[in-house]
Structure formats: structure tokens, C-alpha cells
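Step one of this worksheet: look at the structure below.
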Amino acid sequence: MASQIADDLGAQTLVDSVVTMFTDVFAGSSTLFITLGLLVFITRILVRLGTSNYWGALCYATDDASELPTAPSCY
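Numbered by my numbering, the letters in the sequence shown go through residues 46 to 120 in order.
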């Protein structure tokens, strides 16, 4: 569908129409800033959960910890 529109109208016209639609949706409101803020917030939470050792430490809270040779240090 998008390739057919691009063939009929040209790539620049397609880009212009997408930019115009985006501007019409978010013009005059704070919806854009709220959306971007939520995206940044959710991304930061996912990165923090993915790069931390929360998931590795969860195995020590279950019965699977008996198979592990050492336990994590608690400060």
C-alpha cells in the first residue's frame, strides 16, 4: 500500500503528507510532549531492568538456589 502511494505521488510528497499529518495531530497541544516523555520514561525503566542484576538475584529467592555454589553478598 505504501509503495503504491509512493509510486503514484513520489517519495517527497509521501514524506510531506506524513509530516503534515503528524503536525495536524500534535499541533497546539501538549500531546507530543506527553507522548515523548512517556516513551523516554518507559525506555529508561526497561534499560534499567535489563542491565541490572535483578533477574540474576531472583534465582536466589526461589528453590533453585540450592544448586548454586555461592549466594550473592548482601550489604
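Beta carbons: idealized from backbone N, C-alpha and C, even for Gly. Values in this document were obtained by computation on a predicted structure and should not be read as measured data.
Inset, instruction - Look at the Cβ atom of F71, then the Cβ atom of L77, and state whether they are nearer than 9 Å. - result: yes
Legend entry - Coil, strand or helix - S62 by DSSP: helix
Inset, instruction - Taking only the alpha-carbon atoms, compute the straight-line gap between G95 and S74 and give it to the nearest angstrom. - result: 33 Å
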